[in-house]
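Sequential numbering of the sequence shown, starting at 0, is according to numbering that gives the first Met the number 0.
The C-beta atom is built at its ideal place from N, Cα and C for all residues, glycine as well.
Every value quoted in this text rests on a predicted model; they were computed, and no experiment measured them.
Shown next, in structure tokens, is the structure this report addresses.
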Amino acid sequence: MNRFLKPLVVLLLVGLASYPIALAQGSKPNVFVLATGGTIAGAAATGAQSSYTSGKVTIDDMLNSVPGIRDLANLKGEQVANVGSQDMTFEIMLKLAKRINELLATNDADGIVVTHGTDTLEETAFFLNLTVKSDKPVVIVGSMRPSTAISADGPLNLYDAVAVAADPQAKGRGVLVVMNDQIQGAHSLTKTSTTAVQTFMSPVRGVVGVSAYGKNDFYNNPSWKHTTSSEFDVSDVTKLPRVDIIYADADMPSDLIDCSVHNGAKGIVIAGVGNGNMNKAALDAAERAVKQGVVVVRSSRVVTGTVGRNVEVKDDELGFVASDELNPQKSRILLSLALLKPHTPQQLQELFATY
Ligand code: ASP
């Protein structure tokens with residue numbers, strides 16, 4: 000072969016051989032993995048001990064430890080925080096929401112995975128459900144066992160989370176949580192076990208779908224308002240108003256409510272007994288709070304069911320809001336965002352029925 004032609008032929012063959020790889024890479028979705036810490040990034044000295052420290056492993060090490068995960072999507076990791084989610088703050092949630100909105104507004108990101116501790120995962124999931132402004136998939140994932148444990152659940156959870164974030168079928172369903180093969184909606188899921196890997200459940204609405212080794216099957220579309228239909232915009236927000244949760248029980252002391260008002264709460268969520276109930280002394284204190292301009296939301300410490308208006312408590316007369324299906328921790332998120340703007344009690348009630 001002509002000595003000028005030979006290098007050209009070699010170049011052509013090399014180019015052709017690498018074309019399928021380039022094509023495969025080009026056709027894969029781009030998924031950003033934003034890490035915040037938690038047990039999924041936790042480490043212990045041995046594989047068989049229950050004590051460990053959350054948020055020890057970096058996002059790159061986590062991704063590198065999951066076989067085949069980079070076949071699902073082009074992955075980019077970012078460390079947003081590295082805390083146990085008991086230390087999650089509104090500041091970190093705001094940072095996450097803003098970064099996700101920034102990434103999803105570009106063509107560079109097709110989906111987002113957030114790694115998170117499970118203790119307050121439902122709060123962050125619901126916060127993002129209300130504040131992300133895109134219908135592209137946003138998936139939160141955690142684990143119950145640290146990365147060093149025998150049978151750690153984090154790697155498969157992360158694999159499935161990336162598979163869901165890369166799946167166009169996950170679009171428009173609001174923020175999703177993927178753990179232990181299940182896909183659940185941010186509005187409805189809650190943590191139900193302190194230790195079991197099957198901890199998240201959606202007691203009223205059921206799961207959105209399943210993900211088995213990255214094969215997704217969606218059965219439900221959460222019907223609550225979220226993401227692109229949400230009115231909440233945190234692009235200029237740096238701080239949220241104080242909202243306290245007060246736990247009701249038999250013979251509860253009512254001065255906790257007065258104390259909360261005294262300390263500057265703009266809203267109080269009662270984790271009520273039964274259908275959002277509280278004793279007479281607490282009702283009187285809550286009524287005093289409303290008269291001082293504090294919003295009182297009645298939620299429930301019971302894990303399933305809804306809190307309805309005027310069932311045993313005269314909400315219309317006392318000016319309270321019933322939390323509908325939202326548990327106390329999610330009621331606190333919705334109320335904190337709602338209090339960024341003035342609302343009448345009727346408008347607030349409408350928000351609880353809608354989100
Ligand atoms: N305390 C841990 C956390 O929430 C528990 C977990 O991730 O499972 O960060």
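DSSP state of residue i mapped onto helix, strand, coil
i	result
ALA21	Note that ALA21 scores 42 on pLDDT, short of 50, meaning its location in the model is unreliable and no value can be drawn from it.
GLY318	coil
LEU334	helix
GLY153	helix
LEU75	Checking the displayed sequence, the identity of residue 75 turns out to be Lys instead of Leu. Correct three-state label for LYS75: strand.
TYR246	strand
SER210	strand
LEU255	helix
ASN81	strand
PHE125	helix
GLU349	helix
ALA270	strand
LYS97	helix
LYS329	helix
MET178	strand
THR88	coil
VAL295	strand
GLN183	strand
ASP323	strand
Residues of its chain near residue i, where Cβ-Cβ distance is below 8 Å and the 5 sequence neighbours each way are ignored
i	result
ALA47	ALA148, ILE149
GLY304	VAL203, ASN274
TYR51	THR38, GLY41, ALA42, ALA43, PRO145, THR147, ALA148
Own chain partners of residue i with C-beta closer than 6 Å, once the 5 adjacent residues on each side are dropped
i	result
ASN219	VAL207
VAL295	ILE267, ALA285, ALA288, VAL289, PHE319
THR227	ASP134
ASN156	VAL140, SER142, MET178
PRO327	ILE244, VAL268, ALA270, SER298
THR130	ALA96, PHE231, VAL233
PRO341	none
VAL381	There is no way to answer for residue 381, as the model of the chain reaches only from 0 to 354.
Whole-Å CB distance - residue i paired with residue j, under 8 Å assumed
i	j	result
GLY37	GLY54	6 Å
LYS27	ALA72	5 Å
LEU120	ILE111	About 15 Å; that fails the 8 Å criterion.
LYS75	PHE31	5 Å
ASN215	VAL163	6 Å
heavy atom of the ligand FMN below 8 Å from residue i C-beta
i	result
VAL82	The model depicted lacks the ligand FMN and carries the ligand ASP instead.
7 Å Cβ shell around residue i - same chain, five flanking residues per side excluded
i	result
ASP248	VAL272
ASP59	GLY76
GLY379	Missing from the structure shown is residue 379; the chain here goes from 0 to 354 and no further.
VAL205	For the sequence presented, residue 205 should be read as Gly rather than Val. Answer for GLY205: ASN219, listed in chain order.
**OP:** Jot down the residue ranges of each uninterrupted alpha helix (DSSP H) in the region 23 to 71, minimum 4 residues, whole runs only, in chain order.
**Re:** 58 to 63, 68 to 71
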